[in-house]
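Read through the structure below, which is laid out as structure tokens, and then see the notes.
Here's what the structure looks like:
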């Protein structure tokens, strides 16, 4: 074990040394083009701790985990090329174990002219809101679904543009056994008819996926026949309109039949549909946005391969359903973030900002900011309760209010209140309520030094019928965090979270960060609670752990 640890640390130091050397060389050779790049590492040394390693949280066999990403890009005129390598030695807990070893996960060469571009290699792309296709990288989730192939596009004046692509998508450290062909087009009617005061555009997308595993005998019906085609087709149509602070967007999407496990236990062909409406208005000192969405059987996988290494995990997803719930920065309000259900969901969100003007009685000398957010989601009974029903039942409610006040040049406070109502995790028949209050105060000691105190309290009445049997039914919490910042380089913090009803474990943490130019180094020690790490409604489960975390990000 000791030799293995030394090898990993040595590899880590060598990578850092090579990066620094590359930085100097890139600065000296700008006349031959421009070399840029970035390096990121997230390394954890796990410590034994009986308070957290229990139940589903198992102490890792290898006490060190490290996720590393090195990216280099070169450009000369209209030409650009790049490469990215990912190194997991080994992969951190909570990430898919399919992310193992080291591999080149992205390489490309591209030529971009005024009205034309072509890329050969790996690329990322998204059609509309992502309802039928999104190829992207999210390191916090362990997702890289970039496509290896060819992507090209052309602009016809400023009123029409079209892109097309063909390739195979990445699935963890390999490529999925599937082929994608797609196109996306935008027609700007306002540019076509020289309407300068308004923007009106029509957009459309088409995607074809070939996956021979759809015809595998695994999906045969009771009579031994497979009703599915190896080809899956998807489409999306969008209309966008903007005028005088008002914006609107409507998107309708659909896809051909894919296999779904029916109530009888057999596979059934289900076609997917999705509808998304987004409205917004911003005026002097205020803004409002409203979004509503309906999805039905819109789970789209990179492959239907029944091999568990392909089908399991959040990485095997071809499309993206945008979340319509608030993403909180306060830990207690984000204990159980809502996860989008692409198989079926009706959801809506309202967001309102208002800045009370300075000089008024409520605005004061420095102004006051108000923020209101409300989100609600319903899901079909066949998803929530696994029963044959066309009804939709309540799934999640989140309502919050923020009051931000700048009292003088040195003192600013934020008060947030949130109410959340959700169903139990293991018992969907129970309802759980949560009330969260957070007080955030920032005081500037000097122009470069500041002190920030954050206090949180979560009150959650226990549901007696699920006491001790539901992960969400944990009762009340409190949390606190104190930060000391020295601009522009240093930041120090200490924090604690405590559930005084059931767990009665202190999730303490202490750390610091240092920033210099384009490099940031962060060091943290403490306990981390088991829960979900989410980004835009896509979540991965993080087990509890105790350890030292070293994070380094740099670019040149």
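Residue numbers (the working numbering): 156 to 711. In this text, a Cβ means the ideal position worked out from N, Cα and C, and glycines have one as well. Predicted, not measured: the structure shown is a model, and the values here were computed from it.
- Message: Does residue 545 pass the burial test, meaning 16 or more other C-beta atoms within 10 Å, or should it be called exposed?
- Response: For this step, residue 545 is matched to residue 390 along the chain shown. Exposed.
- Query: How far does the beta strand (DSSP E) with residue 610 in it reach, from first residue to last?
  - Reply: The count along the chain shown starts at 1 and reaches residue 610 at position 455. Here the beta strand (DSSP E) through residue 610 covers 604–614.
- Query: Would DSSP call residue 368 helix, strand or coil?
  - Reply: In the chain shown, counting from the first residue as 1, residue 368 sits at position 213. Helix at residue 368.
- Does the beta-carbon of residue 563 have 16 or more other beta-carbons within 10 angstroms, so that it is buried, or is it exposed? Counting from 1 along the chain shown, the entry for residue 563 is found at position 408. So residue 563 counts as exposed.
- In chain order, what residues of the same chain have a beta carbon less than 6 Å from the beta carbon of residue 649, not counting five sequence neighbours either side? In the chain shown, counting from the first residue as 1, residue 649 sits at position 494. Cβ neighbours of residue 649 beyond the five flanking positions: 637 and 665.
- Can you give, in chain order, each stretch of the alpha helix (DSSP H) that sits fully within the region 276–356 and has at least 4 residues? 344–347
- For residue 673 and residue 643, the rounded distance between their alpha carbons: The residue labelled residue 643 in the question sits at position 488 within the chain shown. The residue labelled residue 673 in the question sits at position 518 within the chain shown. About 12 Å.
- Query: With a CB to CB cut of under 6 Å and the five nearest residues on each side skipped, what residues in its chain are close to residue 437?
  - Reply: In the chain shown, counting from the first residue as 1, residue 437 sits at position 282. Contacts found: 400.
- Segment limits, beta strand (DSSP E) that includes residue 491: Translated into positions along the chain shown, residue 491 becomes position 336. Taken as a continuous stretch (DSSP letters only), residue 491 belongs to no beta strand (DSSP E), as it is neither H nor E.
- Between which two residues does the alpha helix (DSSP H) containing residue 538 stretch? As a position in the chain shown, residue 538 is number 383, starting the count at 1. Segment 536–539, the alpha helix (DSSP H) holding residue 538.
- Cβ separation of residue 561 and residue 522, assumed to be a contact under 8 Å, to the nearest whole Å: As a first step, residue 561 must be located in the chain shown, where it is residue number 406. As a first step, residue 522 must be located in the chain shown, where it is residue number 367. About 6 Å separates the two Cβ atoms, so the contact holds.
- Is the distance from the Cβ of residue 455 to the Cβ of residue 410 below 8 Å? Translated into the one-based positions of the chain shown, residue 455 becomes position 300. Translated into the one-based positions of the chain shown, residue 410 becomes position 255. Against a cut-off of 8 Å, the Cβ pair of residue 410 and residue 455 comes out as a contact.
- Task: Can you tell me which of 518, 547, 526 and 251 puts its alpha carbon nearest to the alpha carbon of residue 532?
- Result: Within the chain shown, numbered from 1, the residue matching residue 532 stands at position 377. Of 518, 547, 526 and 251, the residue nearest in Cα terms is 547.
- Task: Report the partner residues of residue 414 according to the DSSP bridge assignment.
- Result: The sequence position of residue 414 within the chain shown is 259, counting from 1. According to DSSP, which records beta bridges pairwise, residue 414 is partnered with 424.
- Query: What do you reckon, are the CB atoms on residue 227 and residue 238 nearer than 8 Å?
  - Reply: On the chain shown, position 72 is the one that residue 227 refers to. On the chain shown, position 83 is the one that residue 238 refers to. For residue 227 and residue 238, yes; Cβs fall inside 8 Å.
- Item | Local conformation of residue 567 per DSSP, three classes | If you number the chain shown from 1, residue 567 lands on position 412. Note: residue 567 maps to strand in three-state DSSP.
- Hey, how far is the Cα of residue 414 from the Cα of residue 331? Residue mapping note: residue 414 aligns to position 259 of the chain shown, counting from 1. Residue mapping note: residue 331 aligns to position 176 of the chain shown, counting from 1. Their Cα atoms are separated by approximately 18 Å.
- State buried or exposed for residue 270, treating a residue as buried only when at least 16 other CB atoms are found within 10 Å of its CB. Counting from one through the chain shown, the residue named residue 270 turns up at place 115. Classification of residue 270: exposed, given that the 10 Å Cβ count is below 16.
- Query: If you scan the region 439–526 from start to end, which runs of the beta strand (DSSP E) of 3 or more residues do you find wholly inside it?
  - Reply: 441–451 and 499–511
- When you compare each of 596, 482, 250 and 339 to residue 285 by their alpha carbons, which one comes out closest? For the purposes of this step, residue 285 is taken as residue 130 along the chain shown, with counting starting at 1. Of the listed residues, the one whose Cα sits closest to residue 285 is 339.
- residue 635 versus residue 593 - alpha carbon distance: Looking up residue 635 in the chain shown gives position 480. Looking up residue 593 in the chain shown gives position 438. Taking the straight line joining both Cα atoms gives about 9 Å.
- Cα-Cα separation between residue 687 and residue 494, rounded to whole angstroms: Mapped onto the chain shown, residue 687 falls at position 532. Mapped onto the chain shown, residue 494 falls at position 339. C-alpha separation (whole angstroms): 9 Å.
- Query: Can you find at least 3 beta carbon pairs, one from the region 301–312 and one from the region 386–406, that sit closer than 8 Å?
  - Reply: no
- Message: Determine whether the beta carbon atoms of residue 552 and residue 534 lie at a separation below 8 Å.
- Response: Reading the chain shown from its first residue, position 397 is the one you call residue 552. Reading the chain shown from its first residue, position 379 is the one you call residue 534. For residue 552 and residue 534, no; Cβs fall outside 8 Å.
- Query: What is the DSSP secondary structure of residue 786, reduced to helix, strand or coil?
  - Reply: Lying before the first or after the last residue shown, residue 786 is absent from the chain, which here runs from 156 to 711.
- Item | Cβ neighbour criterion (16 or more within 10 Å) applied to residue 231 | Sequence index remark: in the chain shown, residue 231 carries index 76 (1-based). By the 10 Å Cβ count, residue 231 comes out exposed.
- Message: When you compare the region 187–195 with the region 703–710, are there three or more beta-carbon pairs, one atom per stretch, that lie closer than 8 Å?
- Response: yes
- Verify whether the separation of the beta carbon atoms of residue 300 and residue 470 is less than 8 Å. Indexing the chain shown from 1 puts residue 300 at position 145. Indexing the chain shown from 1 puts residue 470 at position 315. A contact, by the Cβ cut-off of 8 Å.
- Task: Determine the closest residue to residue 663 out of 647, 680 and 669, with distance taken between C-alpha atoms.
- Result: For the purposes of this step, residue 663 is identified with residue 508 of the chain shown, where counting begins at 1. The residue with the shortest Cα to Cα distance from residue 663 is 680.
- Message: Contact defined as beta carbons within less than 8 Å: I believe residue 337 pairs with residue 361. What is the distance between those atoms, to the nearest angstrom?
- Response: Taking the first residue of the chain shown as 1, we reach residue 337 at position 182. Taking the first residue of the chain shown as 1, we reach residue 361 at position 206. Confirmed, about 6 Å.
- Residue from 453, 202, 386 and 473 with nearest C-alpha to residue 792: Absent from the structure is residue 792, since the part of the chain shown begins at 156 and ends at 711.
- Going straight from the alpha carbon of residue 178 to that of residue 234, what length do you get? For the purposes of this step, residue 178 is identified with residue 23 of the chain shown, where counting begins at 1. For the purposes of this step, residue 234 is identified with residue 79 of the chain shown, where counting begins at 1. At residue 178, the pLDDT of 43 sits below 50, so the modelled position is not reliable; the number obtained from the coordinates is stated separately. Using only the alpha carbons, I get a separation of about 21 Å.
- Task: Take every Cβ of the region 315–327, pair it with every Cβ of the region 367–381, and state whether three or more of those distances are shorter than 8 Å.
- Result: no
- Message: With a threshold of 6 Å on Cβ separation, who are the neighbours of residue 505 within its own chain once the five nearest residues in sequence on each side are excluded?
- Response: Numbered from 1 along the chain shown, position 350 holds the residue referred to as residue 505. Here the set comprises 445 and 529.
- Message: On the criterion of 16 or more Cβ atoms from any shown chain inside 10 Å, does residue 368 qualify as buried, or is it exposed?
- Response: In the chain shown, residue 368 corresponds to position 213, counting from 1. With 16 or more Cβ atoms within 10 Å of its Cβ, residue 368 is classed as buried.
- Measure the alpha-carbon distance for residue 183 versus residue 229 and round it to whole angstroms. Taking the chain shown and counting its residues from 1, the one referred to as residue 183 is at position 28. Taking the chain shown and counting its residues from 1, the one referred to as residue 229 is at position 74. Only weak support is given to the placement of residue 183: the predicted model assigns it a pLDDT of 46, under 50, and the value that follows is read from those uncertain coordinates. Using only the alpha carbons, I get a separation of about 14 Å.
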